[in-house]
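To start, the structure itself, in structure tokens.
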Amino acid sequence: MATLLPPPTKRQKVQTAEKAQQQQEIQTIPDNLGSVRVQFFDQATGSATGPAVSVPVADATVKNLETLLNTLQGNEDDERVPYRFAYQSDEKENQTIDILADLYHSLLKPGLKTTEDTVPLYFTPQAVFRVKAVSRCSAAIAGHGEAILATSFSPISLRLWFQGAGTRQPEFGTATLAHRYTP
Numbered sequence: 657m658a659t660l661l662p663p664p665t666k667r668q669k670v671q672t673a674e675k676a677q678q679q680q681e682i683q684t685i686p687d688n689l690g691s692v693r694v695q696f697f698d699q700a701t702g703s704a705t706g707p708a709v710s711v712p713v714a715d716a717t718v719k720n721l722e723t724l725l726n727t728l729q730g731n732e733d734d735e736r737v738p739y740r741f742a743y744q745s746d747e748k749e750n751q752t753i754d755i756l757a758d759l760y761h762s763l764l765k766p767g768l769k770t771t772e773d774t775v776p777l778y779f780t781p782q783a784v785f786r787v788k789a790v791s792r793c794s795a796a797i798a799g800h801g802e803a804i805l806a807t808s809f810s811p812i813s814l815r816l817w818f819q820g821a822g823t824r825q826p827e828f829g830t831a832t833l834a835h836r837y838t839p
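Following our numbering, the numbering of the sequence shown begins with 657 at its first residue and continues without gaps.
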């Protein structure tokens, strides 16, 4: 018989509800902040990409900045590249701040920059990964009607691999997938 846990106490329920409410709070950007000037720089070369552009603070999200940078670079819709943005301070500390969501919460709200400043943003292109769905069976091997439970390569050579399917352990060649031996 399985042991059942007691139901949560009222204190545990209240703590769980408060935690869920804090996680659901959406950080909003005030609408009356105007715009901020943004200058894009390549992280690798340090060269500027186009002139400084005025962007409304309410619309200065990472997604919109990516779209703006792709437009400035002349990338078409099918060539769009995702970017990561960072701000590097001019001061002695040389502190770098990643722009994770938007400019307001990363730079303006903490007081690092104001809407009157030109914000230098350093961009780094991110890799584009396309994940393809893989079904369980990706290839058929002659002589198999059931699923293969385990496979392993030979420790001597990568030209042989062994598999287990039930009580049989056949040996196959990797180049031809030809059945070689069944002990």
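C-beta atoms are modelled at their ideal positions from N, C-alpha and C, and glycine is treated no differently.
Quick caveat, the model's predicted, so the values are computed rather than measured.
Query, Result
"Check whether the region 756-771 and the region 662-682 are in contact - that is, three or more C-beta pairs closer than 8 Å.", "no"
"Since L755 and L724 are thought to touch, with beta carbons under 8 Å apart, how far apart are those beta carbons, to the nearest angstrom?", "Rather than Leu, the amino acid found at residue 755 in this sequence is Ile. With a Cβ gap of about 13 Å, I755 and L724 do not count as contacting."
"Secondary structure at A700, three-state DSSP: helix, strand or coil?", "coil"
"Ordered along the chain, which non-local residues of its own chain (more than five positions away) have a Cβ less than 8 Å from that of T855?", "Here the chain has residues from 657 to 839 only, and residue 855 is not among them."
"Can F741 and L721 be called in contact, C-beta distance under 9 Å?", "yes"
"Does DSSP classify T727 as helix, strand or coil?", "helix"
"Quick check on A716: buried or exposed, where buried means 16 or more other Cβ atoms within 10 Å of its Cβ?", "buried"
"What does a CB cutoff of less than 8 Å around T672 pick up in its chain, not counting 5 residues either side in sequence?", "P664"
"Nearest CA to the CA of D698: which residue from R667, T774, E732, Y743?", "Y743"
"Any idea which residues DSSP pairs S710 with across the strands?", "R693"
"What residues in its chain sit with their C-beta under 8 Å from that of P707, if we drop five residues either side in the sequence?", "Q695"
"Measuring only the C-alpha atoms, how far is V711 from N726?", "15 Å"
"Taking the beta carbon of F779 as the centre, do at least 16 other beta carbons fall within 10 Å, making it buried, or is it exposed?", "buried"
"Can you give the Cα-Cα distance for K769 and I685, rounded to whole angstroms?", "16 Å"
"Taking just the CA atoms, how far does G730 sit from T705?", "11 Å"
"What does the alpha-carbon distance come out to for the pair E735 and I753?", "27 Å"
"Looking at P781 and Y739, is the spacing between their C-beta atoms short of 9 Å?", "yes"
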